[in-house]
Amino acid sequence: MTTEKHNCLEIEVLYLERIALIGEKLVTVSLNDVSLQDAPALPMASQTLRTDQNVPFDFKLRYDPSLIKDNHTYSISARIEHEGRLLYINTRAYTIDLNNPSATPLTVVVQRITRD
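Here the numbering used here = 1-based position in the sequence shown + 47.
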């Protein structure tokens, strides 16, 4: 029998606008390796929550610590989709030190994207 060891990050996703999105939303958080410049982020773990609740959205994102490299840089990304459209995404980097993760939840603030 093999037991897989996973670590867990507590993440809270929210937006600051005082509006409620009615109906079902897809809220996704991802742990990404962002070490390589001029290259896409490498996803390490991801979780999607399908919910009709409103902010804040709480996650316990599990990841495999054996995939983490000491000299790499990692960040958390978040997005909210509603009725099949991307509405919110984080616009700043949320880097995280996986050797010393915080005991409290990491708060990721997402911003409304604009459509032309």
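Glycine included, every Cβ here is placed at the ideal spot set by N, Cα and C.
All values derive from a computational prediction rather than experimental measurement.
Exercise. Taking the alpha-carbon positions, what's the Leu153 to Val81 distance?
Worked result: About 18 angstroms.
Exercise. Is the segment 105-122 close to the segment 64-84, with three or more CB pairs under 8 angstroms?
Worked result: The answer is yes - the segment 64-84 touches the segment 105-122, with three or more Cβ pairs under 8 angstroms.
Problem set entry | Buried or exposed by the 16-neighbour rule on C-beta atoms within 10 Å, applied to Leu63 | Classification for Leu63: exposed.
For this session: Give me the Cα-Cα distance between Thr138 and Ala86, rounded to the nearest whole angstrom.
Result: Rounded to whole angstroms, Thr138 to Ala86 spans 18 angstroms at the Cα level.
Exercise. Mind checking Ile58: buried by the 16 CB within 10 Å criterion, or exposed?
Worked result: By the 10 Å Cβ count, Ile58 comes out buried.
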